[in-house]
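Chains as they are written, first to last, in our numbering: chain A, 162 to 429; chain X, 28 to 290. To start, the structure under review is shown below, and the notes come after it.
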Amino acid sequence: MNKSIIKTITSDSERTGNVLEVKHLTVEFKKNKQPFYAVNDVSFDVKEGEILGLAGESGCGKSTLSRSILGIQKKGVSGEIKHFYKRPQMVFQDPAGSLNPSKTIEFILKEPITVKGNFSGEEKDRRVREMLKMVDLSEELLTRYPHELSGGQRQRICIAAALMQEPRFLIADEPVSALDVTVQSQILDLLKRLHKELNLSILFISHDLRVIFNLCDRVMIMKSGKIVEMGDKEEIYFSPKQEYTKELMDAGRTKYMVSESKSEKNIK
Amino acid sequence: MNKATKMKFITGLVITGIVLIMTIWGIIKTPYDPCEMNASAKYAGMSIKHLFGCDQFGRDIFSRVLVGVRETMFISACVVLIGVFFGTIFGTVTGYYGGWLDEILMRLNDAVLAFPSILLALVVIGLFGGGKYQLIAALGIAFVPSFARIVRGEVLKIRNLDYINAVKLYGASDARIIVVHILPNLKTVLLSSIVIGFNNAVLAEAGMSYLGMGVAPPDPALGRMLSEAQAFIFTTPRIALFPGLVIVLMILGFSLLGDTVGK
Numbered sequence: 162m163n164k165s166i167i168k169t170i171t172s173d174s175e176r177t178g179n180v181l182e183v184k185h186l187t188v189e190f191k192k193n194k195q196p197f198y199a200v201n202d203v204s205f206d207v208k209e210g211e212i213l214g215l216a217g218e219s220g221c222g223k224s225t226l227s228r229s230i231l232g233i234q235k236k237g238v239s240g241e242i243k244h245f246y247k248r249p250q251m252v253f254q255d256p257a258g259s260l261n262p263s264k265t266i267e268f269i270l271k272e273p274i275t276v277k278g279n280f281s282g283e284e285k286d287r288r289v290r291e292m293l294k295m296v297d298l299s300e301e302l303l304t305r306y307p308h309e310l311s312g313g314q315r316q317r318i319c320i321a322a323a324l325m326q327e328p329r330f331l332i333a334d335e336p337v338s339a340l341d342v343t344v345q346s347q348i349l350d351l352l353k354r355l356h357k358e359l360n361l362s363i364l365f366i367s368h369d370l371r372v373i374f375n376l377c378d379r380v381m382i383m384k385s386g387k388i389v390e391m392g393d394k395e396e397i398y399f400s401p402k403q404e405y406t407k408e409l410m411d412a413g414r415t416k417y418m419v420s421e422s423k424s425e426k427n428i429k
Numbered sequence: 028m029n030k031a032t033k034m035k036f037i038t039g040l041v042i043t044g045i046v047l048i049m050t051i052w053g054i055i056k057t058p059y060d061p062c063e064m065n066a067s068a069k070y071a072g073m074s075i076k077h078l079f080g081c082d083q084f085g086r087d088i089f090s091r092v093l094v095g096v097r098e099t100m101f102i103s104a105c106v107v108l109i110g111v112f113f114g115t116i117f118g119t120v121t122g123y124y125g126g127w128l129d130e131i132l133m134r135l136n137d138a139v140l141a142f143p144s145i146l147l148a149l150v151v152i153g154l155f156g157g158g159k160y161q162l163i164a165a166l167g168i169a170f171v172p173s174f175a176r177i178v179r180g181e182v183l184k185i186r187n188l189d190y191i192n193a194v195k196l197y198g199a200s201d202a203r204i205i206v207v208h209i210l211p212n213l214k215t216v217l218l219s220s221i222v223i224g225f226n227n228a229v230l231a232e233a234g235m236s237y238l239g240m241g242v243a244p245p246d247p248a249l250g251r252m253l254s255e256a257q258a259f260i261f262t263t264p265r266i267a268l269f270p271g272l273v274i275v276l277m278i279l280g281f282s283l284l285g286d287t288v289g290k
């Protein structure tokens with residue numbers, strides 16, 4: 162049933178300029194025998210080369226949405242999901258749980274290209290080193306284990322591992338929520354740079370409105386399983402149409418970011 | 028590890044060390060043939076010649092205890108090995124795939140667990156006859172469910188972790204996920220349950236040989252030495268004392284280790 166929901170279209174003729182098209186996606190859980198919709202009839206596209214932000218309060222279905230897009234969540238999923246590139250990857254919220262504790266960093270980074278692709282040992286070494294350089298980590302880390310790394314380093318390793326198969330589409334599910342503020346901004350800068358260098362499309366999920374404003378091109382606002390509002394970030398942030406978006410923006414005190422964004426534009 | 032656990036661990040290590048030395052001694056050479064009867068040494072007391080004295084047939088108790096420990100260790104090791112091997116296979120498959128297979132195997136597991144392991148082993152021995160290898164098979168089967176349960180619980184926990192999700196997104200096969208990414212992470216949980224399982228196996232083996240099953244006479248087994256010495260418990264308690272003491276030592280050592288290992 163699920164195989165038919167997620168389709169991967171790789172022929173050039175069918176490209177629509179999107180990396181992902183989601184139509185009428187619904188995820189249904191059973192809660193005390195009552196149906197409960199974690200994601201309720203959600204449709205959206207992720208365009209090639211953009212960073213799409215997905216914001217919403219905790220428990221509104223952001224993670225369930227991202228997991229069902231990639232087929233990690235399989236139970237109760239219905240709708241249509243079209244991928245236009247093979248093997249999209251994901252960066253998870255908790256960098257401690259997303260690295261195998263009994264493997265070295267070298268093994269973890271090599272795993273994606275060991276599983277798929279025919280690379281010689283030397284070639285794997287070279288690619289791992291290149292990737293480490295790309296995420297600004299030293300080669301000394303290769304022989305270490307995940308628990309010997311700091312939170313920021315771990316998240317960099319997670320990003321590096323996700324990029325080893327050279328995906329064109331990446332889902333980042335709250336990748337900075339478990340990190341402190343200075344490390345957060347480093348990781349965000351890294352994501353921004355990788356996005357430009359690798360022409361990577363990203364679906365960026367966060368409950369932090371400032372972080373999303375900083376990084377994304379377009380924004381979706383989600384509430385109890387539904388997309389409330391969707392559009393360019395300036396529009397959503399400074400002239401929200403829906404009541405919930407207004408509330409959310411007030412709570413996030415985003416109006417103080419106006420001057421910041423304008424001054425940024427002036428510099429450009 | 029705090030101070031109290033450390034003391035427990037060290038005590039357990041020392042006791043297990045003594046047991047291991049006895050095992051190796053039993054493997055290499057015993058002072059006397061444990062089955063050799065010597066009419067002139069019947070009920071002989073403790074001396075340099077006979078360290079633990081002799082039994083009602085004039086057999087050297089020290090030699091018999093050494094061989095008994097060796098046999099118990101061998102049987103327990105085999106039992107635990109069987110339990111861990113099949114328990115890990117069943118536990119990983121049921122935990123990873125879930126569904127109806129999990130349901131069936133786990134209900135079967137519950138059924139086996141509902142019987143005390145000794146009773147279950149008695150049934151198997153009743154069906155296939157007594158003897159060392161039958162005992163190993165019987166106890167081994169009885170030990171599979173507990174290991175399967177422990178492994179299944181751990182696999183259930185691990186398979187939902189994000190690093191397994193990440194590896195799935197790379198396109199890795201189920202076999203690779205299980206062998207490369209799940210099994211190595213079971214070692215902590217398996218280590219302590221192996222030690223505790225070994226402890227239970229020693230106890231079960233002693234119990235079975237006390238009931239007259241397992242190693243065939245006249246070869247010595249700790250449990251049977253106890254039951255044979257019962258007749259002389261008031262006249263020559265020493266004959267029962269030493270095999271009993273060794274069983275206590277073995278169990279104490281392993282349970283101390285089992286409590287503290289991995290902490």
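For glycine and all other residues, C-beta sits at the position ideal for the given N, C-alpha and C. The structure presented is a predicted model; accordingly, all values stated were derived computationally and were not measured.
Requested in this report: Please list, in chain order, all residues of the same chain as ILE73 of chain X whose beta carbon is under 8 Å from its beta carbon, the five residues on each side excluded.
Outcome: For the purposes of this step, residue 73 of chain X is taken as residue 46 along the second sequence, with counting starting at 1. In the sequence as presented, Ile is not what sits at residue 73 of chain X; that position holds Met. If you ignore the 5 residues before and after MET73 of chain X, its C-beta comes within less than 8 Å of the C-beta of PHE79, GLY80, ARG265, all in its own chain and listed in chain order.
- Please determine, among A:VAL180, A:GLY214, A:LYS223, the residue with the shortest C-alpha to C-alpha distance to ASN201 of chain A. As a first step, residue 201 of chain A is located in the first sequence; it is residue number 40 there, counting from the start. Ranking A:VAL180, A:GLY214, A:LYS223 by Cα distance to ASN201 of chain A puts A:LYS223 first.
### Straight-line Cα distance separating VAL242 of chain X from ILE45 of chain X
Against the second sequence, residue 45 of chain X aligns to sequence position 18. Against the second sequence, residue 242 of chain X aligns to sequence position 215. Those two C-alpha atoms are separated by around 23 Å.
Note to self: Can you pull the chain A neighbours of ASN212 of chain X, defined as C-beta to C-beta under 8 Å?
What the structure shows: Residue numbering aside, residue 212 of chain X sits at position 185 when the second sequence is read from its first letter. The contacting residues are ASN261, PRO262, SER263.
_Any 3 or more C-beta pairs closer than 8 Å across the stretch 249-266 of chain A and the stretch 306-321 of chain A_ = Taking 8 Å as the limit for Cβ pairs, the verdict is that the stretch 306-321 of chain A does touch the stretch 249-266 of chain A.
Buried versus exposed, by CB contacts within 10 Å (16 or more), ARG134 of chain X = Within the second sequence, the letter at position 107 stands for residue 134 of chain X. Classification of ARG134 of chain X: exposed, given that the 10 Å Cβ count is below 16.
Worksheet item: PHE190 of chain A lies in the beta strand (DSSP E); which residues open and close that run?
Response: Locating residue 190 of chain A in the first sequence gives position 29, where the first residue counts as 1. Residues 179-192.
Practice prompt. Return the chain-ordered list of same chain residues with a C-beta closer than 8 Å to the C-beta of LYS277 of chain A, the five sequence neighbours on each side being excluded.
Written response: In the first sequence, the residue the question calls residue 277 of chain A occupies position 116. Shown here for LYS277 of chain A: same chain residues with a beta carbon closer than 8 Å to its own, the five before and five after excluded, namely ARG248, GLN326 in chain order.
Practice problem: Pick helix, strand or coil for ASN279 of chain A, following the three-state DSSP scheme. | Solution: Here residue 279 of chain A is taken as the residue at index 118 of the first sequence, counted from 1. ASN279 of chain A falls in the coil class under three-state DSSP.
Compare the beta carbon distance of ALA165 of chain X and ILE152 of chain X with 9 Å and say whether it is the shorter of the two.
In the second sequence, residue 165 of chain X corresponds to position 138, counting from 1. In the second sequence, residue 152 of chain X corresponds to position 125, counting from 1. Note that the C-beta distance between ALA165 of chain X and ILE152 of chain X is below 9 Å.
query: Ordered along the chain, which non-local residues of its own chain (more than five positions away) have a Cβ less than 7 Å from that of ILE145 of chain X?
result: As a position in the second sequence, residue 145 of chain X is number 118, starting the count at 1. Sequence-distant Cβ neighbours of ILE145 of chain X in its own chain, meaning closer than 7 Å and more than five residues away, are ALA231, GLY234, MET235.
_So that I know if they touch, is there some Cβ in chain X lying closer than 9 Å to that of ARG290 of chain A?_
Taking the first residue of the first sequence as 1, we reach residue 290 of chain A at position 129. Not a single C-beta of chain X is nearer than 9 Å to the C-beta of ARG290 of chain A.
Between PRO273 of chain A and chain X, is the shortest Cβ-Cβ distance under 9 Å, so that the two count as touching? The sequence position of residue 273 of chain A within the first sequence is 112, counting from 1. With 9 Å as the cut-off, PRO273 of chain A counts as an interface residue toward chain X.
Query - Interface flag, ASN226 of chain X vs chain A, CB-CB below 9 Å - result: Counting from 1 along the second sequence, the entry for residue 226 of chain X is found at position 199. The beta carbon of ASN226 of chain X does not come within 9 Å of any beta carbon belonging to chain A, so the residue lies off that interface.
- According to DSSP, is LEU231 of chain A helix, strand or coil? Along the first sequence, one-based indexing puts residue 231 of chain A at 70. Three-state DSSP puts LEU231 of chain A in coil, outside helix and strand.
Practice item. Closer than 7 Å, Cβ to Cβ, to anything on chain X: give me those residues from the stretch 229-259 of chain A, in chain order. Key: Taking a C-beta cut-off of 7 Å against chain X, the contacting residues of the stretch 229-259 of chain A are LEU231, ILE233, ARG248, GLN250, MET251, PHE253, ASP255, GLY258, SER259, listed in chain order.
Check: On the three-pair Cβ rule with 8 Å, is the stretch 168-185 of chain X touching the stretch 103-110 of chain X?
Finding: Judged by Cβ distances under 8 Å, the stretch 168-185 of chain X makes contact with the stretch 103-110 of chain X, as three or more pairs qualify.
Practice task
Check each candidate in A:VAL372, A:VAL296, A:LEU409 and name the one with the smallest Cα separation from LEU359 of chain A.
Solution key: As a working note, residue 359 of chain A is residue 198 in the first sequence. It is A:VAL296.
Buried or exposed for TYR398 of chain A, please, with buried defined as at least 16 other CB atoms from any protein chain shown within 10 angstroms of its CB.
-> In the first sequence, residue 398 of chain A corresponds to position 237, counting from 1. Burial is judged here by how many other beta carbons sit within 10 angstroms of a residue's own beta carbon; TYR398 of chain A has at least 16 and is buried.
Compare the beta carbon distance of GLY36 of chain X and ASN65 of chain X with 9 Å and say whether it is the shorter of the two.
Locating residue 36 of chain X in the second sequence gives position 9, counting from the first residue. Locating residue 65 of chain X in the second sequence gives position 38, counting from the first residue. Before going on, a small fix: residue 36 of chain X reads as Phe here, not Gly. It is not a contact, given that the beta carbons lie outside the stated cut-off.
- Item | chain A residues whose Cβ lies nearer than 7 Å to that of VAL194 of chain X | Here residue 194 of chain X corresponds to residue number 167 of the second sequence, with the count starting at 1. The contacting residues are GLU272.
I'd like to know whether the C-beta of ASN163 of chain A is nearer than 9 Å to at least one C-beta of chain X. Residue 163 of chain A sits at position 2 when you count from the first residue of the first sequence. Low confidence applies to ASN163 of chain A: its pLDDT is 49, below 50, so where it sits in the model is not reliable, and the reading given next is rough at best. Closer than 9 Å: no.
Answer yes or no: do ALA321 of chain A and LEU298 of chain A have a C-beta to C-beta separation smaller than 9 Å?
Translated into the one-based positions of the first sequence, residue 321 of chain A becomes position 160. Translated into the one-based positions of the first sequence, residue 298 of chain A becomes position 137. Closer than 9 Å, so yes.
For PHE365 of chain A, tell me which candidate among A:PHE330, A:ILE388, A:SER219 has the shortest Cα-Cα distance. Walking along the first sequence from the start, residue 365 of chain A turns up at place 204. Taking only the C-alpha atoms, the option nearest PHE365 of chain A is A:PHE330.
**Study point:** Per-residue contacts from ARG203 of chain X into chain A (C-beta, under 8 Å)
**Key:** Counting from 1 along the second sequence, the entry for residue 203 of chain X is found at position 176. Within chain A, the residues near ARG203 of chain X are VAL276.
So, under 8 Å CB-CB, ASP255 of chain A and ALA339 of chain A are touching, yes? Tell me the CB distance rounded to an integer number of Å. Here residue 255 of chain A is taken as the residue at index 94 of the first sequence, counted from 1. Here residue 339 of chain A is taken as the residue at index 178 of the first sequence, counted from 1. Rounded, the Cβ-Cβ distance is 6 Å, consistent with contact.
Fill in: Bounding residues of the alpha helix (DSSP H) (the contiguous stretch that carries GLU404 of chain A)
Position 243 of the first sequence holds residue 404 of chain A. 404-413 is the extent of the alpha helix (DSSP H) around GLU404 of chain A.
Are the Cβ atoms of ASN192 of chain X and PHE253 of chain A separated by less than 9 Å?
Position 165 of the second sequence, counting from 1, holds the residue named residue 192 of chain X. Position 92 of the first sequence, counting from 1, holds the residue named residue 253 of chain A. Yes.
- Task: Can you pull the chain A residues whose beta carbon is under 7 Å from the beta carbon of LEU188 of chain X, in chain order?
- Result: Here residue 188 of chain X is taken as the residue at index 161 of the second sequence, counted from 1. Going along chain A in sequence order, the residues near LEU188 of chain X (Cβ under 7 Å) are GLY258.
Practice prompt. Within its chain, find whatever has a CB closer than 7 Å to the CB of LEU349 of chain A; leave out the 5 residues flanking it on each side and keep chain order.
Written response: Looking up residue 349 of chain A in the first sequence gives position 188. For LEU349 of chain A, same chain residues with a beta-carbon under 7 Å away, outside a window of 5 residues either side, are VAL337, VAL372, ASN375, LEU376 in chain order.
request  = Can you have a look at VAL275 of chain X and say buried or exposed, based on whether 16 or more other CB atoms are within 10 angstroms of its CB?
outcome  = For the purposes of this step, residue 275 of chain X is taken as residue 248 along the second sequence, with counting starting at 1. Looking at its Cβ environment, which holds fewer than 16 other Cβ atoms inside 10 Å, VAL275 of chain X is exposed.
Check: Who are the Cβ neighbours of GLY237 of chain A in its own chain at under 7 Å, not counting the five residues just before and after it?
Finding: The sequence position of residue 237 of chain A within the first sequence is 76, counting from 1. In chain order, VAL188, GLU189, PHE190 place their CB closer than 7 Å to the CB of GLY237 of chain A, counting only its own chain and leaving out the 5 sequence neighbours on each side.
Residue range of the alpha helix (DSSP H) that GLY158 of chain X falls in? On the second sequence, residue 158 of chain X is found 131 positions in, with the first residue counted as 1. Neither: GLY158 of chain X is in no alpha helix (DSSP H) and is coded neither H nor E.
Next item on the list: Kindly indicate which residue of A:GLY217, A:ASN179, A:ILE269 has the alpha-carbon position closest to the one of VAL380 of chain A.
Entry: Stepping through the first sequence from its first residue, residue 380 of chain A is reached at position 219. The candidate whose alpha carbon is nearest that of VAL380 of chain A is A:GLY217.
Can you tell me whether ASN136 of chain X is buried or exposed, with buried defined as 16 or more other CB within 10 angstroms of its CB?
In the second sequence, counting from the first residue as 1, residue 136 of chain X sits at position 109. Counting of Cβ neighbours within 10 angstroms places ASN136 of chain X among the buried residues, the total reaching 16 or more.
Enumerate, from N- to C-terminal direction, the unbroken alpha helix (DSSP H) stretches of 4 or more residues contained entirely within the stretch 152-226 of chain X.
Listed in chain order, the complete alpha helix (DSSP H) runs (minimum 4 residues) inside the stretch 152-226 of chain X are 159-186, 189-197.
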